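Line order of the protein sequences matches chains A and B. Just so you know, we're using UniProt numbering here: the first sequence kicks off at 1 and counts up by one. Just so you know, we're using UniProt numbering here: the second sequence kicks off at 1 and counts up by one.
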Amino acid sequence: MADQIGYSQKVMEHFMNPHNVGVIENPDGYGKVGNPVCGDLMEIFIRVKDDVIEDIRFRTFGCGSAIATSSMVTDLAKGKTLDEAMKITRDDVATELEGLPPRKMHCSNLAADALHAAIQDYREKQKKE
Amino acid sequence: MEERIYLDHAAAMPVHPGVLRFGRQFPGEFAGNPSTLYQEGLAAQEAVSRAREQVASLVGASDTASIVFCSGATEANNIAVRGTALRNAKRGKNVVASAIEHISVLNPAKDLQKSGFSLTLAPVDHYGTIDLDALRKAVTPETVVASVHYANNEIGTVEPVREVAEIVHDRGGILHVDATDAAGRIPIDVERDGIDLLTLSGNQLGGPQGVGALYIRPGVRVQPVLVGGGQERGLRPGTENVFSIACMGEAARLAGEEMPGESRRLRAIRDRLISGITEMEEAYLTGHPTERLPHHASFRFSRIEGESIQLAMDMLGIAVATGSACTSRTLEASHVLLAIGLAHDEAHGSMVATLGRTNSPDEVPRIVRAVEETVKRLRAITPL
Ligand code: FES
C-alpha cells in the first residue's frame, strides 16, 4: 500500500513487548550504531559459545520501528552461528515483521548493522587473543 | 474498554455539534451556485455572506468584504505570503518570517527566492517568543511582507503581535499573521492588533476540514495565486465551497460565543496536565509557561523518542502528537524545537497535547499515569 504509514500487528507486538531487552555485562561482542537519517541509537550485546550466539540483548533510542526491528533481529540471531547471523539482512528483519512502511525501512538497516557490528567486534577481539 | 482520550486538536478537531446541527438544517439551500441570479443561487450567496459576517466579527474586521474564503490555512498562507510579496514587489524584494512559522508559510517564503526575493528568518528565544530586537533589524524598508504567527502549534507560545505590528508598520511593511491555532481560543482583533492579513482555518474553529479564510485589510493589495473565474475578489477563483463556508461561519459564531468559558475550562485542565507531567523526572515543558494557548500543553522527555511515545500512548487509548524527526516526512528534527535552542536528541522526545471540547478534568489522572508508564517503559530500553 503506497499510503501505508501505520505498522503491522507484528511490529506493534514487538514494540509493546520487545524481546531480549537489556545489557550483557562483559559481552563477547558489542555493536553500537547511530542512525544518520534521524539521529537514533541502537546497541547490541552478544555472548558467543562455540561460534554460536548464545545470548543477545539490545537497547534502543528510537522510533517504534527501531525498537521492533531490534527486538526482531535479536530473535533471529539467537541460536545462530556467527556466519548465519552475519547473513541476516534488513529485508529479513522487515519480512519477519510482516512489512514496514517504506519510510521506515532504514530503521531495519540499523538493527542489522548493530548485529553485524557486534559480531565484528567479537571477531576482532578473537584475533587479538 | 476504557474510552479513548483525544489530545491532538491542533491536528484535527471534531466538528462542533452545533455546526453539525446547523449543517443538517439546510437540505437544498446550498445546492445553488452563488454566481447565479435565480433563487437557489441567491440563497447560496446569502449563506456565504452570512458566513463572511460571522468570520469577520470573530476577528474584529469591520469590513466583511475583507474576508476571502479558501480551502484552508495552507492556501490562505500561500495567498498571503506569495500573493502579497509578488503584488508589492515594486516596494522591495525582502520577506521576513519568524523561524518557527508553519511550513505553509516558510515554504512559499522560500519559494519566493526563485523570484528574486530574499528571505530573512527572525529568531525566537527559548520560549519561542519572537526576539523583537532581532526583528527590528530583520525588517527593513525593503521588506514587503513579514509573517509572524499569532501562536505556535507545536509549543503553544503566543507572540506579542501588537509589538510586531508596530515594528513592521514603522518600516512600511505589511504584516501577515497566521492565526490557525489561536483563533477561537484567544481574542483576536485585527484593528487592535494591527494585522494586515490573517489566516484562519475552518476546522480549528470547530468547522469542517477543507475550508479556511484569509482576512485582507482594505487597501492591502494581493495578487491571486490561482487564476480562474474571479470568485472571492479573484483571489480564490472557483465555485465557492458553499456548504463548508456556511459551516465555518457558524463555527466562528459559536467559537466567539463560547470562547471565554471554554478557554477558562481548558486552561484549568491544561495547567493540571502541565504540573502533573513536569513533576516527572527529566520531563520539561516546551514553549512559554504563561504566554501560551489555553488548550496547549507541550513537553519533552530526555533520552526517549517521540514516535514511540505516541505509539505507546495510543496503545493506552490516548492520542497525542509529537514533533520527533522519526514521524516527520523528511525525518528531520522539528524546525520549531531546534529554533528554540534544543539539541537534536532533546527535540527527539517531544509530546504535544492539545485539548478540545470533549476533554474533561477527570481525564487528567489517567493521562498523567499513561505518560508515566510510557516514559518509564521507554527509558528502560534506552542506551542513553
Ligand atoms: S529510528 Fe527514526 S525513523 Fe526509525
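Using N, Cα and C, we set each Cβ at its ideal position, and we do this for glycine too. The structure presented is a predicted model; accordingly, all values stated were derived computationally and were not measured.
CA-CA distance, residue 382(B) to residue 14(A), rounds to 15 Å.
Checking the DSSP bridge columns, you'll see residue 26(B) has no partner listed.
CA-to-CA, the gap between residue 47(B) and residue 192(B) works out to about 28 Å.
Going by DSSP, residue 57(A) is part of the beta strand (DSSP E) stretching over 52-61. Distances taken from the Cβ of residue 247(B) to the heavy atoms of ligand 1 include none shorter than 7 Å.
When beta bridges are read from the DSSP output, residue 140(B) appears opposite no residue.
For the stretch 344-356 of chain B, residues whose beta-carbon sits nearer than 8 Å to a beta-carbon of chain A comprise 344, 345, 348. Contact note: residue 315(B) reaches chain A through 16, using a C-beta cutoff of 7 Å and chain order.
With 16 or more other Cβ atoms from the protein chains shown falling within 10 Å of its own Cβ, residue 310(B) counts as buried. Beta-carbon to beta-carbon, residue 119(B) and residue 97(B) are separated by about 7 Å, close enough to satisfy the 8 Å threshold. The bridge partners DSSP lists for residue 94(B) are 118(B), 143(B). Residue 259(B) sits in a helix when the DSSP states are folded into three classes. Within 7 Å of the C-beta of residue 109(A) there is not a single heavy atom belonging to ligand 1. For the stretch 53-74 of chain A, the set of residues with a beta-carbon nearer than 7 Å to any beta-carbon of chain B comprises 59, 60, 61, 62, 63, 64, 67, in chain order. Around the C-beta of residue 103(B), fewer than 16 other C-beta atoms lie within 10 Å, and the residue is accordingly described as exposed. Neighbours of residue 291(B) across chain A, judged by C-beta separation under 9 Å, do not exist; the nearest C-beta is about 30 Å away. Rounded to the nearest whole angstrom, the C-alpha separation of residue 293(B) and residue 286(B) is 12 Å. Counted as a single uninterrupted DSSP element, the stretch harbouring residue 326(B) is not any beta strand (DSSP E), since DSSP gives it neither H nor E. Burial is judged here by how many other beta carbons sit within 10 angstroms of a residue's own beta carbon; residue 27(A) has at least 16 and is buried.
Residue contact with chain A for residue 70(B): absent (no Cβ-Cβ distance below 8 Å to any residue of chain A).
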